[in-house]
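This report concerns only the one structure given below.
Protein chains: 2
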Amino acid sequence: MLTFPAHPTAPKELARRRLLDALRRQGPLARVELGQELGLSPATISELTSSLLTEGILVLDDTSEVAGARGRPKQRLYFAADLGAVIGVWVGYNRVELRLVDSSGRTRATRSLERPLQDLAPDLFLDEIAATIMAFATEAGRDLTIRAVGVAAQGYVDSKEGIITWSPVFAARDIPISRGLAERLGLPVVVENDASAMALAIARRHPELRTGRTATLMIGDGVGMGLLIDGELYRGARSGGSEFGHVRIRRGGPQCRCGGRGCIEAFLADYALYRDAQLMGQQPAPDSLMPTEDAMTALLERARDGDRALLDLLQGAGEVLGDAVGILIQTLEPDHVVICGPGTRAWTFVEAAFDEALARASIPELRALTNLRVLDASQDLLTEGVIFQCLRELDLGLSRLEAV
Amino acid sequence: MLTFPAHPTAPKELARRRLLDALRRQGPLARVELGQELGLSPATISELTSSLLTEGILVLDDTSEVAGARGRPKQRLYFAADLGAVIGVWVGYNRVELRLVDSSGRTRATRSLERPLQDLAPDLFLDEIAATIMAFATEAGRDLTIRAVGVAAQGYVDSKEGIITWSPVFAARDIPISRGLAERLGLPVVVENDASAMALAIARRHPELRTGRTATLMIGDGVGMGLLIDGELYRGARSGGSEFGHVRIRRGGPQCRCGGRGCIEAFLADYALYRDAQLMGQQPAPDSLMPTEDAMTALLERARDGDRALLDLLQGAGEVLGDAVGILIQTLEPDHVVICGPGTRAWTFVEAAFDEALARASIPELRALTNLRVLDASQDLLTEGVIFQCLRELDLGLSRLEAV
DNA sequence: AGGGATTTTTTTGGCCATCGAACATACGTC
DNA sequence: GACGTATGTTCGATGGCCAAAAAAATCCCT
Chain A
15 MLTFPAHPTA PKELARRRLL DALRRQGPLA RVELGQELGL SPATISELTS
65 SLLTEGILVL DDTSEVAGAR GRPKQRLYFA ADLGAVIGVW VGYNRVELRL
115 VDSSGRTRAT RSLERPLQDL APDLFLDEIA ATIMAFATEA GRDLTIRAVG
165 VAAQGYVDSK EGIITWSPVF AARDIPISRG LAERLGLPVV VENDASAMAL
215 AIARRHPELR TGRTATLMIG DGVGMGLLID GELYRGARSG GSEFGHVRIR
265 RGGPQCRCGG RGCIEAFLAD YALYRDAQLM GQQPAPDSLM PTEDAMTALL
315 ERARDGDRAL LDLLQGAGEV LGDAVGILIQ TLEPDHVVIC GPGTRAWTFV
365 EAAFDEALAR ASIPELRALT NLRVLDASQD LLTEGVIFQC LRELDLGLSR
415 LEAV
Chain B
15 MLTFPAHPTA PKELARRRLL DALRRQGPLA RVELGQELGL SPATISELTS
65 SLLTEGILVL DDTSEVAGAR GRPKQRLYFA ADLGAVIGVW VGYNRVELRL
115 VDSSGRTRAT RSLERPLQDL APDLFLDEIA ATIMAFATEA GRDLTIRAVG
165 VAAQGYVDSK EGIITWSPVF AARDIPISRG LAERLGLPVV VENDASAMAL
215 AIARRHPELR TGRTATLMIG DGVGMGLLID GELYRGARSG GSEFGHVRIR
265 RGGPQCRCGG RGCIEAFLAD YALYRDAQLM GQQPAPDSLM PTEDAMTALL
315 ERARDGDRAL LDLLQGAGEV LGDAVGILIQ TLEPDHVVIC GPGTRAWTFV
365 EAAFDEALAR ASIPELRALT NLRVLDASQD LLTEGVIFQC LRELDLGLSR
415 LEAV
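First to last, the protein sequences are chains A and B.
Taken in order, the first sequence gives residues 15 to 418; the numbers are from my numbering.
Taken in order, the second sequence gives residues 15 to 418; the numbers are from my numbering.
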């Protein structure tokens with residue numbers, strides 16, 4: 015199978031789809047809860063779920079028992095684990111993260127590879143990725159049928175067409191990820207901007223972020239932003255994410271990977287901090303390679319030891335971040351702003367300057383309406399987010415009714 | 015009546031509401047067109063419309079005849095004109111615009127008043143506005159029942175609660191417009207940010223702006239931004255609009271009305287241009303009052319005559335505007351960006367610098383996805399936009415079924 | 001002029017998704 | 001062990017919606 019099933023149109027299939035999607039988004043739910051969620055009567059829910067149960071699509075979920083309540087206990091329902099699996103892939107500058115999750119959402123295996131891909135031509139790039147996925151699948155998913163693959167990548171992604179239009183981490187442009195991988199793997203492929211994937215995954219863990227507007231700022235290899243409106247991804251002009259990291263926040267500022275100058279990313283991303291720190295220390299400027307995790311830990315260590323110049327650098331980064339969040343608040347007035355990613359590891363050294371800059375860059379009345387939080391979210395969530403989207407696409411197929 | 019009717023929940027009323035809303039948004043439509051729009055069969059549409067016609071809510075619309083087509087001609091339907099009227103009010107720094115529109119959307123009267131309101135205390139402010147509306151209603155709407163009032167204002171508006179939380183043009187804060195006017199007028203009141211109202215009105219005239227994301231930048235007394243997603247208003251944290259004009263785009267830039275420095279508005283708004291032009295001409299800085307329309311025309315005249323300093327000033331404004339649109343594109347990736355408002359009158363002197371700045375401030379691949387247009391939209395649209403929202407709220411009442 | 005051709009609108013009969021109400025079930029509690 | 005409470009199921013009935021057929025209103029061609 016190469017493509018995902020189409021959206022159902024028949025009324026009954028639509029109801030099934032809404033029910034399955036509610037389960038996917040809200041986790042295991044009892045029938046009464048589904049009824050409230052979907053605005054349907056217990057009778058209708060009972061009919062829908064009984065067929066889904068006999069078809070083996072749903073199962074009773076014993077793990078999430080709520081004891082101590084009066085009355086007949088709730089029976090929570092969730093997806094069966096034997097409906098196949100999906101693989102989520104995050105492609106970074108010189109690293110690839112893989113995750114295999116079964117239909118019930120349980121992670122079966124993960125893998126992390128150091129593998130520089132940035133200079134490959136599109137075809138070779140696709141060959142490499144496909145081979146990596148295939149190897150992972152045969153090794154980790156022996157007993158499972160792989161149903162789909164999700165890819166999260168930095169940059170501007172057209173997730174409708176499945177193309178990485180432009181990415182700061184690949185030399186090639188307009189890489190047809192979906193088509194290319196689908197041909198090589200014989201599976202449907204979802205492509206998502208990595209910050210969007212992160213936003214989705216975080217919202218799954220924090221239900222309060224699923225109502226209203228949540229802007230999730232991810233700082234790491236680059237700076238990305240994912241915007242959720244009532245838990246659903248806001249998609250830009252071509253179904254892509256946002257390139258908030260390349261908002262030019264300082265005129266004539268430092269060089270950025272995108273070719274511009276003074277982008278937010280050029281102050282906050284790992285490579286930018288590393289580059290500037292090296293320069294300050296009179297050490298030769300590194301070539302454009304990404305710093306290793308060890309190098310960044312060492313940098314943090316220097317800051318902890320009170321390296322004045324480095325602390326100034328981080329303070330400058332905090333200022334830029336404050337201005338950036340100011341722009342977000344003034345432009346979008348989100349209910350929640352989440353700052354996450356590896357870039358938050360230096361938060362203690364950044365916070366003061368951030369607060370001060372944000373105070374100057376936003377109107378107090380508006381700032382007060384926005385709930386700000388800094389999360390130490392692990393990179394694992396990137397693959398989780400795109401896998402979640404994959405599963406939702408596959409659920410469309412499950413909502414189809416078999417002719418009997 | 016003080017409040018708007020609640021959203022219907024019964025299935026039939028919901029269908030009526032969807033039908034009426036489609037008519038309100040897409041203008042007069044034939045039954046077949048309604049069927050396609052709503053995904054309902056001709057049979058269902060026929061049943062729904064026949065009752066709406068006998069109830070006198072809809073009428074046949076002869077004005078929009080399409081000749082030359084084969085087959086039986088379409089009968090377009092639209093709202094009857096005798097279901098009452100609404101008044102739309104735009105409250106500016108020292109001007110109030112009024113418009114009276116009947117239920118069929120036809121403008122029956124307009125009025126424009128010079129009336130400084132900015133220094134009044136909330137209660138007096140509400141008294142003034144209420145008196146103005148009342149006078150206009152008794153004079154212009156003699157034969158019509160006024161059903162509701164819509165208010166468009168600059169600043170951060172909580173349109174759910176009907177409060178102007180913060181506005182650069184009023185000294186007072188948290189003005190309870192909805193409640194205050196509803197008490198004084200005995201009518202339900204809609205409050206909307208003025209740029210949002212403008213965005214709605216423009217989208218009504220340009221159907222292509224109703225699909226995808228449209229960011230409408232309005233430059234005039236201040237700088238506002240309204241964001242539409244598939245024709246529907248994006249609402250921030252507290253159902254407000256956006257205060258994009260107070261994004262701080264230059265550190266330590268010129269003073270802004272909001273108290274900050276270097277806001278977009280402080281470079282582009284009429285008062286800012288006027289102030290800076292006066293300063294340049296060695297003339298005494300004007301007090302904080304808004305320039306009159308005449309003063310701005312004179313300014314434009316000086317630019318046409320080749321006043322070097324003034325042209326530089328406008329060029330600087332163009333640069334800021336380019337950077338601002340760059341931020342919009344990088345953050346939201348809208349399908350359309352519309353620049354409108356009185357501030358566009360100097361466009362010829364601004365354009366070159368704008369283009370250059372925008373090119374530097376955005377990634378070419380993303381910029382290419384955004385359709386940019388500059389519209390010479392008149393201020394009249396402000397009242398039209400908020401009236402449109404009023405009518406939609408009132409349509410909720412029409413979608414209710416009478417017990418028979 | 002008149003008889004298709006074409007498209008819109010109405011009418012009719014029937015289906016099926018959903019619901020209300022009664023019933024069955026499975027606990028805690030006293 | 002009876003009662004209270006909440007969840008889940010069964011069954012008959014409702015009514016929103018549709019497909020198909022018919023009617024209506026124009027254009028078009030001979």
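Just so it is clear, CB atoms sit at the ideal spot from N, CA and C, and this is done for glycine as well.
| Asked | Found |
| --- | --- |
| Quick check on the burial criterion: 16 or more other C-beta atoms within 10 angstroms. Buried or exposed for VAL418/A? | Caution is warranted here: a pLDDT of 44 is assigned to VAL418/A, below 50, making its placement in the model unreliable, and no coordinate value can be reported. |
| DSSP has LEU14/B in a bridge; who is on the other side? | In the structure displayed, chain B extends from 15 to 418; residue 14/B sits before or after that span and is not available. |
| Could you pull the start and end residues of the beta strand (DSSP E) that ARG125/A belongs to? | 121-128 |
| Just to check my reading of the structure: PRO182/B and GLN168/B have Cβ atoms closer than 8 Å, yes? What is that Cβ distance to the nearest angstrom? | 6 Å |
| Taking a cut of 8 Å between CB atoms, which residues from the stretch 168-184 of chain A lie near chain B? | TYR170, THR179 and TRP180 |
| Taking just the CA atoms, how far does GLU279/B sit from ALA291/B? | 15 Å |
| Could you check the C-alpha separation between ILE101/A and VAL400/A for me, to the nearest Å? | 9 Å |
| Does ARG262/A come within less than 7 Å of chain B when only Cβ atoms are used? | yes |
| Within the same chain, show all residues whose beta-carbon is closer than 7 Å to that of ASP337/A, passing over the 5 residues directly before and after it, in chain order. | ILE263, ALA371 and ALA375 |
| Just the chain A side, please: which residues come within less than 9 Å of ASP337/B by C-beta, in chain order? | ARG262 and ARG265 |
| CYS272/A CB to nearest chain B CB: under 7 Å? | yes |
| Give the range of the beta strand (DSSP E) segment to which ASP172/A is assigned. | 170-172 |
| Give me the chain A residues within the contact set of LEU380/B, using Cβ-Cβ distance strictly less than 7 Å, ordered along the chain. | TYR170 and GLU257 |
| Using alpha carbons as the reference points, say which of LEU287/A, ALA186/A and LEU195/A lies closest to ASP235/A. | LEU287/A |
| Taking all protein chains shown into account, do 16 or more other C-beta atoms lie within 10 angstroms of the C-beta of GLN50/A, making it buried, or fewer, making it exposed? | exposed |
| If we count the other Cβ atoms within 10 Å of its Cβ and call it buried at 16 or more, is HIS350/A buried or exposed? | buried |
| For ALA166/B and GLU398/A, I'd like the C-alpha separation in whole angstroms. | 44 Å |
| Could you give the distance in angstroms between the alpha-carbon of THR311/B and the alpha-carbon of ILE216/B? | 24 Å |
| Using the Cβ count rule (16 or more neighbours within 10 Å means buried), how would you classify VAL364/A? | buried |
| Closest to GLN393/B by C-alpha separation, out of ARG125/B, ARG187/B and PRO42/B, would be which residue? | ARG125/B |
| Distance cutoff 7 Å, beta carbons only. Does VAL418/A sit that close to anything in chain B? | Caution is warranted here: a pLDDT of 44 is assigned to VAL418/A, below 50, making its placement in the model unreliable, and no coordinate value can be reported. |
| Does the stretch 143-157 of chain A come close enough to the stretch 20-38 of chain B that 3 or more CB-CB pairs lie under 8 Å? | no |
| Does the separation of the CB atoms of PRO450/A and ALA186/A fall below 7 Å? | The requested residue 450/A does not occur in the structure, where chain A is confined to residues 15 to 418. |
| If ILE160/B sits next to LEU127/B, beta carbons under 8 Å apart, how far is it from one beta carbon to the other, in whole angstroms? | ILE160/B to LEU127/B, Cβ: 18 Å. No contact. |
| Under 7 Å Cβ-Cβ, which residues of chain A neighbour ALA375/B? | ARG262 |
| Using a Cβ-Cβ cutoff of less than 6 Å, which residues in the same chain neighbour GLY98/B once the five nearest sequence positions on both sides are dropped? | SER117, THR159 and ARG161 |
| Can you give me the Cβ contacts of MET5/B inside the same chain, cut-off strictly under 7 Å, excluding the 5 residues immediately before and after it? | Any property of residue 5/B remains undetermined from this structure, which presents chain B solely from 15 to 418. |
| Out of SER192/A, GLY164/A, ALA196/A and GLU222/A, which has the shortest C-alpha to C-alpha gap to SER210/A? | GLY164/A |
| Give the straight-line distance between the Cα atoms of ALA331/A and ALA309/B, rounded to the nearest whole angstrom. | 43 Å |
| If you drop the 5 nearest sequence neighbours on each side, which residues of the same chain put their C-beta closer than 7 Å to that of ASP172/A? | THR179, ARG252, SER253 and GLY254 |
| Would PRO348/B be called buried (16 or more neighbouring beta carbons within 10 Å of its own) or exposed? | buried |
| How is the beta strand (DSSP E) around ARG161/B delimited, first residue to last? | 160-167 |
| Where DSSP assigns a beta bridge to ILE177/A, which residues make up the other side? | ASP172/A |
| Can you tell me the Cα-Cα spacing of GLY340/A and GLU257/A, whole angstroms? | 16 Å |
| Leaving aside the five residues before and after ALA44/A along the sequence, list all residues of the same chain whose C-beta is less than 8 Å from its C-beta, in chain order. | LYS88, GLN89, ARG90 and LEU91 |
| For GLN269/B, which residues does DSSP report across the bridge? | ARG275/B |
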